[in-house]
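**Q** Order-wise, the sequence lines are chains B and G.
Residues are numbered in my numbering as their position in the first sequence, beginning at 1, plus a constant of 134.
Residues are numbered in my numbering as their position in the second sequence, beginning at 1, plus a constant of 40.
The beta carbon of each residue, even a glycine, is placed where N, CA and C say it ideally should be.
This is the structure I want to talk about, given as structure tokens.
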Amino acid sequence: MQFLLQDELIDLSHNDQGITADTTVLDYLRLSRRLTGTKEGCASGDCGACTAVVSEVGEDGLRYSAINSCITFLGELHGKQLITVEHLRSNNTLHPVQAAMVRHHGSQCGFCTPGFVMSLFAMKKASDQSECGNQRQKILKSLSGNLCRCTGYQPIIEAGKEVLEDTTADQFDSSADDTRKRLAALPAATRSGHPFFRPRSLQQLDQLIDENPDAPLVAGGTDLALEVTQKLVSYPSMISLSRVAELRTIEESDHFVAFGAAVQLETLQVYAESHWPDLAALLDRFGSRQVRFSGTLGGNLGTASPIGDLPPVLMALNTDLILHGSGRQRQVSINDFFTGYRKTRLETGEIIQAIRIPKLKSNQQLYIHKISKRRDDDISAICMAMWVEFSGTQPDTKINAVRIACGGMAEVPKRARHIEEALTAETWSMRAVEKAKTAVRKDYQPISDARASAEYRLNVAENLLIRCYLQSVPDSGIVDIDHA
Amino acid sequence: MLESKSVIGDGLVHDSAAAHVSGSARYVDDLPQLENLLHIAIGASPVAHGRIRCIDLSEVSRSEGVVDIMLAEDIPGNADIGPVFAGDPLLAGDTVEFVGQPVFAVLATSLQKARQAVTKAQLDIEPLQAMLDLETAIEAKHFVRPPHRMSRGDAESAIADADLKIDNSFHVGGQEHFYLEGQVSLAIAEDDERIKVYASTQNPTETQVLVARVLDVPMHRIEVITRRMGGGFGGKETQSTAWSCLAALFAHKHHCAVSCRLSRADDMRMTGKRHAFFNRYCAGFSPQGQLQGIRYELAADCGYSADLSDAIVDRAMFHSDNAYFLPHVQIDGLRCKSNTVSHTAFRGFGGPQGMIAMETVMDEIAFHAAMDPLDVRKKNLYQPGRHDLTPYYQRVEHFPLADMIEQLEVQSDYRQRRQNIDRFNNQNPTIKKGIALTPVKFGISFTVSHLNQAGALVHLYSDGSIHLNHGGTEMGQGLMIKVAQIVASVFSVDLERIQISSTSTDKVPNTSPTAASSGTDLNGMAAFNAAVEIRSRLVAHLSETYSVSPDIITFANNRIKVDTESIAFDDAARSAWLARVPLSATGYYATPKIHYDRSRARGHPFLYYAYGCAVSEVAIDTLTGESRCLRVDILHDVGNSVNRAIDIGQIEGGFVQGMGWLTSEEVLWDASGRLITDGPATYKIPAIGDTPEIFNVSLLENIPNAEETIHRSKAVGEPPLMLAISVWCAIRDAIVSATGRAHFPQLNAPATPEEVLSCINRTRRSE
């Protein structure tokens, strides 16, 4: 494999330096290269101290993304440029992002600082790419995956404002053309002595799966990497889905948008803004920025976590999954996909190829509620999605059809059939919702864990039904705490 | 004699800021690696309490890369590393007392190999009854240390005679430090049987003492060096030492370099946290909200051993008055034992858990007296010369808080906002807002008197550059820059002349931990004294050379003015050296005035108090219990600030850390005693989105410390954490709006969404 470490061409196909398929970017930096500016705070993608930036050739120039280097496999860097905190200074002068952090007293103990600097750097580089919202929101969103225990964040937010206001070009701007050319010239190798496979087509993928039945599939890897860093599992070989052309497509029709399974969550958000605004709002709180840059739709579904945030939403929307297994394709509703704790309908050698999400019609509403201890970068205690189709466009009309699904309430993301039944054909009213509430305990028997007790989960599920209703009627006052 | 104070008070940036942002600031794990560096991983108890029957490590020793294994019996010296009291075995002997207690250590050629080897151990442990519940431990009088009482007056009668009474209790959760840099230590075997240890510790001397103890060698064989920590917060005061001991033992045995770095999960399971408390109180007060008598029982979950718990519960007791005069008071402090990790120092050191009890009482009095809680608080404040005696008989002599509260009330527009909130709450049935203003009075000094001492070492080189060393450690709080500013001001030279250096036990011996907010007070004064000693030698030398009176020699702007002549500071240094004037000095400081007789619970344990107050406004969702902190206004007293930017950083950071403790950070164990919040995926410290959108911090201006502290400044490390109690009280205020005036909402901490919703439900159900 080949990639650029800033401007240095790294070729690991001939010289392995103890690198294995499951080596993380962080271990490569700290152990193989002794580039110790990038820190390990948790080795689980939760604190952001290890944040580095990856640039790759995009449609209009280089595209910069912040990644958690602790849960990114080195093999994913093939054909890309890796930039770490050590690369930001030029001619012994601090980069404007670094200078802003110094000027605003953005570091105290300094251990999380390189990660913040890199996330700010990525924010700056992406600041005119597909972003909306005000300055503060942009900063909070860009730094949602970086924890600081010392500063209380206030000076970092101030530094972020300065970064966004600064318009001067840096050394990365002046070398961007050169970098782009060098990256484009790197060979699109599919195989090397380094057993981190990067097939470029479904056909190649099928063959690799066939030949390496034990190799795990990497679809972002933000969950899989925890097996390596937390459970000390070794994977002698891995197959990445990130380059498979058929898994990267996005097709839009009048009725749905079909996303290839390897499309990143960050990209989904762009589409969600226009088609499912509530999903876009949820994605703001989905993992962290770093996780959304790496994590994919297919990965989030394939890992079949009972607490993933996408499944309940996609279930409520009655999403179809296109599955692909050597040479054949089949379609399965996501509502039939999850069969047990971390189990799915996927057969051996079969993968999710695409996720076909229906658009909303004018008489349909989507409500999404995520409850967690911390607003950002937290796993849901409960995530509820409700899709309702009304007989008319007025909210006080009859419910034609309703689909409700919850994460965090069972061993799988699960539909609320009893609640749905109670609501179907009723008039959308507080009375109907109050009545439907009683069905929550029929649909769900959740467990107590570190995120919440079973009783809280049930109680909140009941109350979230009320919140869905209150959201739809104009005179209920403010019901969203983020608008208080 | 000090002509220039230009470097004092300014918002100078942290000395390491440029290195921090460049990734070039080195932490222990970043040091250049020596050849054949070996790594440690630790095997821990899977049961909360049990007798070890058999430890089978045969598979471990056969595991790839394993070099050596250590059990308790392999430790040559005393294996007990208890910092104050015995009871903390470095490795468990016959019994284990918590899940995660270190039982054996593996040395291997890489960290990954060491960790993989550990998983292959077979531990056969006979389970014994485990104590895992604080209220049960209180009931059973299951203590790590005996209870202690403070009292003044006759609380019982005062409560009995009062018109109104409250009798209530609540839980306060613990807190994981979550320093971003986990526990780490690197030990290197040197010549002459010496060991050099690079440790991420707030306590290099204690590390030295304990490494010497486990090796059974004199302290002079051990050198402990700390340049910086990636955060400490108390978690590296005593509980950083074990990892240095293990690394040193292996390094000594194999005569090599050994690193011991805990994974985040091991760090969270193996090191103690802020103590959880169960606070009971019984108080009597007048219908006008005047407190008349109060009894407290403050019970801490100390975990399996004493560690620092005696002093921590004492500090909780010392702060259960917070800023209020308690006419008749009795405080019992209990140190309960449980089969969990031994809980330890954490910013505030028990103070927050005591203070939150008092603030709860204020809220409950206000609730029953139907008054604004702010008016009840104001009414009960200490009044110097009148109502100024603390429960431990120290007089509160200087008390700016009453004025500070008035100022903040106006500055934050408290009354108007209270009205706006009432209006909002009337119009919005689902989301409710709340507001609270709470004060902080925090006693400064170690309550263990002998710790209130410090040393420093200052060298003036012949080129006019200055080397600075002292016993304090840098954990991000800006101690090094503050002390450097102090030394620069003594010589009236630029800060660039001062070279900050690693804290090292061979430069300044027998130091106290950097803790109790005392870093600048103690080390700043010691360094000041060392610098003044050198300056007076320079003055004497110049006075002799120029035959002038020493009184007319002044220092300003890197120059020394001698009568009519002005000499460059470097020239003066060189001239003094040539004249054989010694240009190195030690400085020493011991805090004056403090004394405390614990047997009578009377004395003057604190040199002074640091003050602050905060107004927080929150919103809660009555359907889900979620909360958001919308606005915070803080007014804090740092005396004359040595460095405004650093001080404000401590205030903002301390506040948000306290807010985390009281809202999103929940430490949870399962029924078998296993910590289930053992990583950042389940343990949630505040993220950037939790920063209040409006966050105004101001310093109390022009009120120097009445005591003769360094530049009349005040300690700032811990006090601001407790300003966050205002957030917790504001959440309760919002709950009152949701549940009505019939029943006082007894909120536990942390006020997680679940706790807030549960409190709303409990309060409504009692109707």
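Going along chain G, which residues have a C-beta under 7 Å from B:M235?
**A** Here residue 235 of chain B refers to the residue found at position 101 when the first sequence is read from its first residue. V61, listed in chain order.
**Q** Please list the segments of the alpha helix (DSSP H) lying wholly inside the region 701-743 of chain G, counting only runs of 4 or more residues, in order along the chain.
**A** Segments of the alpha helix (DSSP H) lying fully in the region 701-743 of chain G: there are none.
**Q** DSSP three-state label for B:P321, please.
**A** As a working mapping, residue 321 of chain B is identified with position 187 in the first sequence. B:P321: coil per DSSP, three-state reduction.
**Q** Compute the Euclidean distance between the alpha carbons of B:Q498 and B:S408, then round it to the nearest angstrom.
**A** Here residue 498 of chain B refers to the residue found at position 364 of the first sequence. Here residue 408 of chain B refers to the residue found at position 274 of the first sequence. Rounded to whole angstroms, B:Q498 to B:S408 spans 15 Å at the Cα level.
**Q** For the region 48-59 of chain G, which residues have a CB atom closer than 8 Å to at least one CB atom of chain B, in sequence order?
**A** Listed by position, the residues of the region 48-59 of chain G near chain B (Cβ gap below 8 Å) are G51, V53, H54, S56, A57, A58 and A59.
**Q** When you compare the CB of G:A791 with every CB in chain B, is at least one pair closer than 8 Å?
**A** In the second sequence, counting from the first residue as 1, residue 791 of chain G sits at position 751. By this cut-off, G:A791 is not an interface position.
**Q** Between B:K571 and chain G, is there a C-beta pair that is closer than 8 Å?
**A** Sequence index remark: in the first sequence, residue 571 of chain B carries index 437 (1-based). No, B:K571 lies away from the interface with chain G (no Cβ there is under 8 Å from its Cβ).
**Q** For G:W701, which residues from the same chain have a beta carbon less than 8 Å from its beta carbon, with the 5 sequence-adjacent residues on both sides left out?
**A** In the second sequence, the residue the question calls residue 701 of chain G occupies position 661. Only G213, Q215, R314, P392, L761, A764, A789 and P790 meet the Cβ criterion.
**Q** By DSSP's criteria, G:S191 is part of a beta bridge. Which residues make up the other side?
**A** By 1-based counting over the second sequence, the position of residue 191 of chain G is 151. Partner(s): G:Q370.
**Q** Taking the alpha-carbon of G:G117 as reference, which of G:S101, G:L78 and G:P258 has the nearest alpha-carbon?
**A** In the second sequence, counting from the first residue as 1, residue 117 of chain G sits at position 77. Comparing Cα positions, the closest option is G:P258.
**Q** Any beta carbon of chain G sitting closer than 8 Å to that of B:Y198?
**A** Counting from 1 along the first sequence, the entry for residue 198 of chain B is found at position 64. Chain G contact via Cβ: absent.
**Q** Using beta-carbon positions only, say whether G:V251 and G:A297 come within less than 8 Å of one another.
**A** Position 211 of the second sequence holds residue 251 of chain G. Position 257 of the second sequence holds residue 297 of chain G. Contact: no.
**Q** Are the CB atoms of G:H507 and G:S541 within a distance shorter than 8 Å?
**A** For the purposes of this step, residue 541 of chain G is taken as the residue at position 501 of the second sequence. For the purposes of this step, residue 507 of chain G is taken as the residue at position 467 of the second sequence. Yes, these two residues count as a Cβ contact at 8 Å.
**Q** Taking three-plus beta-carbon pairs below 8 Å as touching, is the region 453-472 of chain G in contact with the region 494-506 of chain G?
**A** With a cut-off of 8 Å, the region 494-506 of chain G and the region 453-472 of chain G do not count as touching, because too few Cβ pairs lie within range.
**Q** Look at the alpha carbon of B:S376 and the alpha carbon of G:N76, and state the distance between them as a whole number of angstroms.
**A** Start at 1 with the first residue of the first sequence, and residue 376 of chain B comes out as number 242. Start at 1 with the first residue of the second sequence, and residue 76 of chain G comes out as number 36. Their backbone Cα atoms lie some 38 Å apart in a straight line.
**Q** At what residues does the beta strand (DSSP E) containing B:S467 begin and finish?
**A** Residue mapping note: residue 467 of chain B aligns to position 333 of the first sequence, counting from 1. Element bounds for B:S467: R462 to S467.
**Q** Within 8 Å, do at least three Cβ pairs link the region 447-462 of chain B to the region 484-492 of chain B?
**A** The region 484-492 of chain B vs the region 447-462 of chain B: in contact.
**Q** Looking at the structure shown, is G:Q434 part of a helix, part of a strand, or coil, going by DSSP?
**A** The residue labelled residue 434 of chain G in the question sits at position 394 within the second sequence. Coil, per DSSP.
**Q** Assign G:A323 to one of three DSSP states: helix, strand, or coil.
**A** On the second sequence, position 283 is the one that residue 323 of chain G refers to. Three-state result, G:A323: strand.
**Q** Since G:D372 and G:P187 should fall inside the 8 Å C-beta cutoff, what is the C-beta to C-beta distance between them, to a whole number of angstroms?
**A** Working through the second sequence from its first residue, we reach residue 372 of chain G at position 332. Working through the second sequence from its first residue, we reach residue 187 of chain G at position 147. That belief holds up - the Cβ atoms of G:D372 and G:P187 are roughly 6 Å apart, short of 8 Å.
**Q** Give the residues from the region 157-191 of chain B that approach chain C closer than 9 Å (Cβ to any Cβ), ordered along the chain.
**A** In summary, chain C is missing from the structure at hand, where the protein chains are B and G.
**Q** Quick one: residues in its chain with C-beta nearer than 8 Å to the C-beta of G:E43, no 5 flanking neighbours on either side, listed in chain order?
**A** Your numbering for residue 43 of chain G matches position 3 in the second sequence. Note that G:E43 has pLDDT 39, beneath the 50 cutoff, so the model's placement of it is unreliable and the number below is only indicative. Contacts found: S532, T594, F595 and A596.
**Q** Is the distance from the Cβ of G:G63 to the Cβ of B:T285 below 8 Å?
**A** Residue numbering aside, residue 63 of chain G sits at position 23 when the second sequence is read from its first letter. Residue numbering aside, residue 285 of chain B sits at position 151 when the first sequence is read from its first letter. No, the Cβ-Cβ distance between G:G63 and B:T285 is not below 8 Å.
**Q** Is DSSP giving G:I475 helix, strand or coil here?
**A** To locate residue 475 of chain G, count along the second sequence from 1; it is residue 435. Looking at G:I475 - three-state DSSP - the assignment turns out to be strand.
**Q** With 16 other CB atoms within 10 Å as the buried threshold, where does B:Q579 fall?
**A** Residue 579 of chain B sits at position 445 when you count from the first residue of the first sequence. So B:Q579 counts as exposed.
**Q** G:W283 to G:F482, Cα distance in whole Å?
**A** Stepping through the second sequence from its first residue, residue 283 of chain G is reached at position 243. Stepping through the second sequence from its first residue, residue 482 of chain G is reached at position 442. Looking at the two C-alpha atoms, the distance is approximately 32 Å.
**Q** On a Cα-Cα basis, can you pick out the residue from B:A256, B:D348 and B:G541 that is closest to B:I516?
**A** Start at 1 with the first residue of the first sequence, and residue 516 of chain B comes out as number 382. When only C-alpha atoms are compared, the closest one is B:G541.
**Q** Any residues in the region 586-613 of chain B with a beta carbon nearer than 8 Å to a beta carbon of chain G? Which ones, in chain order?
**A** If the cut-off is 8 Å between Cβ atoms, the region 586-613 of chain B has A586, S587, Y590, N593, V594, N597, L598, I600, R601, L604, S610, G611, I612 and V613 near chain G.
**Q** Pick from G:R599, G:P622, G:T722 and G:E692: whose alpha carbon is nearest that of G:D611?
**A** The residue given as residue 611 of chain G occupies position 571 in the second sequence. Taking only the C-alpha atoms, the option nearest G:D611 is G:R599.
**Q** Counting only beta-carbon separations shorter than 8 Å, does G:A323 have a partner in chain B?
**A** Counting from 1 along the second sequence, the entry for residue 323 of chain G is found at position 283. Closer than 8 Å: no.
**Q** Output, in chain order, the set of chain B residues within a Cβ distance shorter than 9 Å of G:N468.
**A** As a first step, residue 468 of chain G is located in the second sequence; it is residue number 428 there, counting from the start. Simply S610, G611, I612, V613 and A618.
**Q** Skipping 5 residues on each side, what residues in its chain have a beta carbon closer than 8 Å to that of B:A588?
**A** Translated into positions along the first sequence, residue 588 of chain B becomes position 454. If we look at B:A588 and ignore the five residues flanking it on each side, its Cβ neighbours are Q579, P580, I581 and S582.
**Q** Taking a cut of 9 Å between CB atoms, which residues from the region 278-290 of chain B lie near chain G?
**A** Taking 9 Å as the Cβ-Cβ cut-off against chain G, the residues of the region 278-290 of chain B that qualify are S278, G279, N280, L281, C282, R283, C284, T285, G286, Y287, Q288, P289 and I290.
**Q** Listed in chain order, which residues of the region 270-292 of chain G have Cβ atoms closer than 9 Å to some Cβ of chain B?
**A** Those residues of the region 270-292 of chain G that come within reach of chain B (Cβ to Cβ, closer than 9 Å) are G270, G271, G272 and F273.
**Q** Going by CA-CA distance only, name the one from G:V678, G:N563 and G:F609 that's closest to G:Y628.
**A** By one-based count along the second sequence, residue 628 of chain G stands at place 588. Checking every option, the nearest Cα to that of G:Y628 belongs to G:N563.
**Q** For a cutoff of 8 Å on Cβ pairs, would you count B:F245 as touching chain G?
**A** The sequence position of residue 245 of chain B within the first sequence is 111, counting from 1. Interface residue, yes.
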